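Numbering (the working numbering), first residue to last: 41 to 288. Step one of this worksheet: look at the structure below.
Shown next, in the form of structure tokens:
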């Protein structure tokens, strides 16, 4: 770990991002295969009560951060409620393109990051193709494209998560160590309300796997996003200092 830069919170970042919405899981539903790393599956279903709600996939391309540019793929199945009354989303699977982001994201906010390789490529008629692959593999575990929606995609409006208040809160469980040096462990629960500000527009979402799925059900869940998502440009992100708890 000595060669990996240490970058404590808070972080201020700039990026562009794409959000694919998912139909809500019921409170009693099983999580889809690939919803978390195998060694983190137990902790990702422990603590609090899963209350369902909308899920989402988020792709992010950071152009500036305390650890330099990197890319990110996130899966959020929904929200949890805790005995102290708090309610928050939980990221259960996330990949980034750098070891520095992985180690610091885990340490600062309990975000269960792992390293992957990202490819964003332009297609025809304004399409952007996304694929994410495990290091050393040539087979993507995530594939999707976005393309403009006539008229709608030309309309961009300012947006900020501050209007949501605590609704966008993340509450993340402590993490076990993974098998890579950057996959560090943590010991306490972490709570944070991240803030994003930018311009948002609507886009069409085209899944890359058979049956309208975006994942391979192993390294990423084979879920089917809604046909319309959002793209945010010129985004400023504020990831502050977590509030830590011994238990929730």
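Ideal Cβ placement from N, Cα and C applies to all residues, glycine included. If you're wondering where the values come from, they're calculated on a predicted model, not measured in any experiment.
{"Check": "Where the alpha helix (DSSP H) through residue 145 begins and ends", "Outcome": "139-149"}
{"Check": "Buried or exposed (CB count within 10 angstroms, at least 16 for buried), residue 99", "Outcome": "buried"}
{"Check": "Inter-stretch contact at 8 Å, needing at least 3 Cβ pairs: the stretch 196-204 / the stretch 247-258", "Outcome": "no"}
{"Check": "Unbroken alpha helix (DSSP H) run spanning residue 81, endpoints", "Outcome": "81-84"}
{"Check": "Test item: CB-CB of residue 263 and residue 185 under 8 Å", "Outcome": "no"}
{"Check": "Residues near residue 281 in its chain [Cβ-Cβ closer than 6 Å; skip 5 each side]", "Outcome": "49, 50"}
{"Check": "Between the CA atoms of residue 161 and residue 285 - distance to the nearest angstrom", "Outcome": "42 Å"}
{"Check": "Residue 175 versus residue 127 - alpha carbon distance", "Outcome": "35 Å"}
{"Check": "Assumed close pair residue 215, residue 225 - CB separation to whole angstroms, cut-off 8 Å", "Outcome": "6 Å"}
{"Check": "Residue 235 - partner residues in DSSP beta bridges", "Outcome": "278"}
{"Check": "Per-residue DSSP class, three states only, for residue 178", "Outcome": "coil"}
{"Check": "Residue 129, enclosing beta strand (DSSP E) - first and last residue", "Outcome": "127-129"}
{"Check": "Residue 159 classed as buried or exposed, judged by whether at least 16 other C-beta atoms fall within 10 angstroms", "Outcome": "exposed"}
{"Check": "Secondary structure of residue 288, DSSP reduced to three states", "Outcome": "coil"}
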